[in-house]
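One structure is given below, encoded as structure tokens.
Protein chains: 2
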Amino acid sequence: MATIKDIAQLAGVSLATVSRVINQTGNVSPALREQVLAAMETLNYQPNAPARSLRRRETRLIGLLIPQLNHPFFGTLAYAIERFLFAEGFRILVCSAEEDADREVEYTQLLTRQRVDGAIVAPTGLALDWAKYFVHANIPIVLIDRNLPDIAASRVMVDNWQGGYQGAMHLVELGHRRVGLISVSRHSQAIRERLQGAMQALHEHNVAYEVYEPSVETLQQYDLGFQAALKLLSQQPRPSAIFALTDVAAIGVMHAAVSQGLAVPSQLSVIGFDGIELGAYLIPALTTVAQPIEQLGYKAAEVLLRRVGRVQAEHEHIVLPTQLIVRASTSMPLLAE
Amino acid sequence: MATIKDIAQLAGVSLATVSRVINQTGNVSPALREQVLAAMETLNYQPNAPARSLRRRETRLIGLLIPQLNHPFFGTLAYAIERFLFAEGFRILVCSAEEDADREVEYTQLLTRQRVDGAIVAPTGLALDWAKYFVHANIPIVLIDRNLPDIAASRVMVDNWQGGYQGAMHLVELGHRRVGLISVSRHSQAIRERLQGAMQALHEHNVAYEVYEPSVETLQQYDLGFQAALKLLSQQPRPSAIFALTDVAAIGVMHAAVSQGLAVPSQLSVIGFDGIELGAYLIPALTTVAQPIEQLGYKAAEVLLRRVGRVQAEHEHIVLPTQLIVRASTSMPLLAE
DNA sequence: TACGCTGCAGAAAACGTTTACAAACTTTTT
DNA sequence: AAAAAGTTTGTAAACGTTTTCTGCAGCGTA
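Residue numbers (the working numbering), protein chains in the order written: chain F, 0 to 336; chain R, 0 to 336.
Written out as structure tokens, the structure reads:
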């Protein structure tokens, strides 16, 4: 590939001049500028980013460390972030840690080696092993979706506790007296907070509830909701509503209900959490506690960019509200028992 | 951040020796190796990837250029590719071109500047503007999901025509005599091939069909299927089955049917295309022509890696089979008219 | 005429690696 | 014991940029 040197030679100028033309920095006479531009054109010149990064000590690369790319929530999140950063002249390096702390560390090392200018991370669990690499490399990070208490970083997230409370209250208000809750027992701070909020609401209103929390790393699996619902529905008396702390799990729940011959919502109300686009197109359409997913992404990117380059900037802690979206998968319980 | 120089100083050896230890190349005595390793440890050394890329003339970065990250098909595809490449020591730079030819070009430039070792691209349309950048930079690419005739590259895809034929035949065999087809009129070679295959099957068996193809760039939108179905269902006589050339569109179709008071599948059969995981969890579960999405991703990555570094390697053209998955959204049509 | 500006361009150093080459030892072979 | 071969280490050049510094015109002012 052509280098700046080739251009200089062809245009009959020095390296410095070419560089000045490329970066529109310093003064260069119109005549020479034209020559250089022409030379770039004929040689199909594209600047060498690694060389530039080396010299400038910035890469314009942002690391995005998330658990999974292939599920709606993280997919839209990644997409939103990507769009925002692209517009600002940054590219993203995507890493899906698969809810595995080891991979998380491995990826973090990769990102620091790559000298990314910053990183947006949705931590897998409570493990903090990865964080020290960023700290040491002095790479600013923002935490998204999941809160981690002991780490000096900006945060952008939703009030999960409140969301859980909100979702449960919807069921309470509909008159449900026996509710199933689907969570996960390991990691995922966010989901546990939702659970706390939901339990609080149910407790306050004397509604019986049963929590099912399989010991897995992620609730973003259809089948998990399916299996969990099967368990909950086999109880006597069975719950008249299930609150799955993830939309994806809620979809599994609806499927399980139908497979057991229970109609949604008449025999079983189902409510999810996340607000993925798909929810509106399910049959019945899914009632859910929606997060402003795209906004979450934009905000995170924005907050991060405010910190890259500047050392002194304060850590920001942004909390966005959840919104209850009532659709067709919840209704009043049948009176009969 | 610590550099190789700092390590050398601390360990009391030369730069070359440190480099040899890091890369496990050449011979270095056990004693010195230990010292170097210790120094790296205490300084928290992480090699500078841009510098290394500059010198080695390889980045171990692969560009992934796809239309959208936020929809199930491309999400799983990206995820599969990412996993495969990670295991081989490559990272991916994700670019979602949003079905926009300009952005596609812009992204391609970015990738060549970044000196990626290769790229996997699902082209937006028939425009080839982007291709020349890769060619000029001598960056190997593999085309995925979408075929582009006039371009020298490896390809990994599914036999879309055959898949379309297969899906339509399913409806024919069930006894449908009037079928609606949902496609898109612009771009997307793959989807047009599916349409051709489906029309051929219907034609061969004298089944009446109506094609609805909105003039948009992507069929990966729930609402598109919804709107299209509304149009098709307003016809008299109305079709007893709809074949949506994308699962996402099919979901929109099912929703539209219900909103019109039509039961799926008894009053309207719906079949999709893609085989996204979600399909199995819909109510009713979606019949679809499935692509081996993950395999598509693995294969593409594998084929690409065979070409990076080596100049002479042949272009490969891999076609994977589609598979009809019959679930609950299709059935025989009602006899009454 | 002498002086200091200003605008423009080039030389050269630097960024952090890898690697070809050479030098200094060791070991083996004759 | 000398020569040959091998092992271990260091020096320095190179990768493609950006940027500091310096120099040279040309110009206005005193």
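Built from N, CA and C at the ideal position, the CB exists for glycine as well.
In angstroms, rounded to a whole number, what distance separates the CA positions of residue i and residue j?
i: E81 (chain F); j: V120 (chain F); result: 13 Å
i: Q113 (chain R); j: W160 (chain R); result: 36 Å
i: V141 (chain F); j: P213 (chain F); result: 29 Å
i: L76 (chain R); j: L295 (chain R); result: 7 Å
i: L277 (chain R); j: Q165 (chain F); result: 27 Å
i: L64 (chain F); j: N47 (chain R); result: 20 Å
i: A228 (chain F); j: H204 (chain R); result: 44 Å
i: P66 (chain F); j: L323 (chain R); result: 31 Å
i: Q45 (chain R); j: L14 (chain F); result: 31 Å
i: G117 (chain F); j: I138 (chain F); result: 5 Å
i: A38 (chain R); j: N22 (chain R); result: 15 Å
i: E336 (chain F); j: I317 (chain R); result: Caution applies to E336 (chain F), whose pLDDT of 44 falls short of 50 and renders its modelled position unreliable; the value that the coordinates give is listed next. In a straight line, the C-alpha of E336 (chain F) is about 58 Å away from that of I317 (chain R).
i: D101 (chain F); j: A300 (chain F); result: 25 Å
i: H135 (chain R); j: N43 (chain F); result: 8 Å
i: I181 (chain R); j: A255 (chain R); result: 13 Å
i: S239 (chain R); j: I282 (chain F); result: 19 Å
i: H314 (chain R); j: L261 (chain F); result: 54 Å
i: A130 (chain R); j: R54 (chain R); result: 26 Å
For residue i and chain F, any beta-carbon pair shorter than 8 Å?
i: S95 (chain R); result: yes
i: E336 (chain R); result: Bear in mind that the predicted position of E336 (chain R) carries a pLDDT of just 44, short of 50, making it unreliable; the figure below should be weighed with that in mind. With 8 Å as the cut-off, E336 (chain R) does not count as an interface residue toward chain F.
i: V17 (chain R); result: no
i: D5 (chain R); result: no
i: H135 (chain R); result: yes
i: R176 (chain R); result: no
i: H316 (chain R); result: no
i: N205 (chain R); result: no
i: P291 (chain R); result: no
Report the partner residues of residue i according to the DSSP bridge assignment.
i: M198 (chain R); result: Note: M198 (chain R) sits in no beta bridge, so no partner.
i: Y164 (chain F); result: Y164 (chain F) is not bridged to any residue.
i: L14 (chain F); result: Bridge partners of L14 (chain F): none, in fact.
i: L24 (chain R); result: The identity of residue 24 (chain R) in the sequence shown is Thr, whereas the question assumes Leu. In DSSP, T24 (chain R) forms no bridge with anything.
i: R177 (chain R); result: R:A207
i: G296 (chain R); result: None; G296 (chain R) has no bridge partner.
i: F272 (chain R); result: R:V288
i: Q67 (chain R); result: Paired residues: none, contrary to the question.
i: Q322 (chain F); result: F:A289
i: A96 (chain R); result: For A96 (chain R), which the question treats as bridged, DSSP gives no partner whatsoever.
i: M156 (chain R); result: R:V318
Along chain R, in chain order, which residues have C-beta atoms closer than 7 Å to that of residue i?
i: P49 (chain F); result: P49, S52, L53, T58 and R114
i: T123 (chain F); result: Those within 7 Å of T123 (chain F) in chain R number zero; the least Cβ separation is about 15 Å.
i: R90 (chain F); result: L92 and L109
What does residue i reach in chain R if we use C-beta pairs closer than 8 Å?
i: P332 (chain F); result: Correct list: empty, because the minimum Cβ distance to chain R is about 20 Å.
i: G251 (chain F); result: Y280
i: P46 (chain F); result: R112
i: Y221 (chain F); result: E276, L277, A279 and Y280
Whose Cβ in chain F lies nearer than 9 Å to the Cβ of residue i?
i: L68 (chain R); result: L68, G74, T75, A77, Y78, E81 and V93
i: N43 (chain R); result: K131, Y132, H135 and A136
Measure from the C-beta of residue i to each C-beta in chain R and report whether the shortest distance is under 8 Å.
i: E276 (chain F); result: yes
i: L109 (chain F); result: yes
i: M0 (chain F); result: yes
i: Y208 (chain F); result: no
i: R191 (chain F); result: no
i: H169 (chain F); result: no
Candidates the options: which alpha carbon is nearest residue i's?
i: D222 (chain R); options: R:N205, R:M253 and R:S233; result: R:M253
i: S187 (chain F); options: F:D99, F:E203, F:Y132 and F:P291; result: F:D99
i: R193 (chain R); options: R:E216, R:R145 and R:R177; result: R:R145
i: F89 (chain R); options: R:E57, R:N69, R:T107 and R:S95; result: R:E57
i: D246 (chain F); options: F:A289, F:S268 and F:N69; result: F:A289
i: Q235 (chain F); options: F:R177, F:I275 and F:R54; result: F:R177
i: G274 (chain R); options: R:A96, R:L180, R:K298 and R:G74; result: R:G74
i: V104 (chain F); options: F:D128, F:R154, F:G179 and F:H70; result: F:D128
Just to make sure I have the definition right: I need the residues of chain F whose C-beta is within less than 7 Å of the C-beta of residue i. Which are they?
i: V257 (chain R); result: I282
Under 9 Å between beta-carbons, which chain R residues line up against residue i? List them in chain order, please.
i: N22 (chain F); result: Per Cβ cutoff of 9 Å: no residues; N22 (chain F) is ~14 Å from chain R at best.
i: H254 (chain F); result: A279, Y280, L281, I282 and A284
Does the Cβ of residue i lie closer than 7 Å to at least one heavy atom of the ligand NAP?
i: S184 (chain R); result: This structure lacks the ligand NAP, and indeed carries no ligand of any kind.
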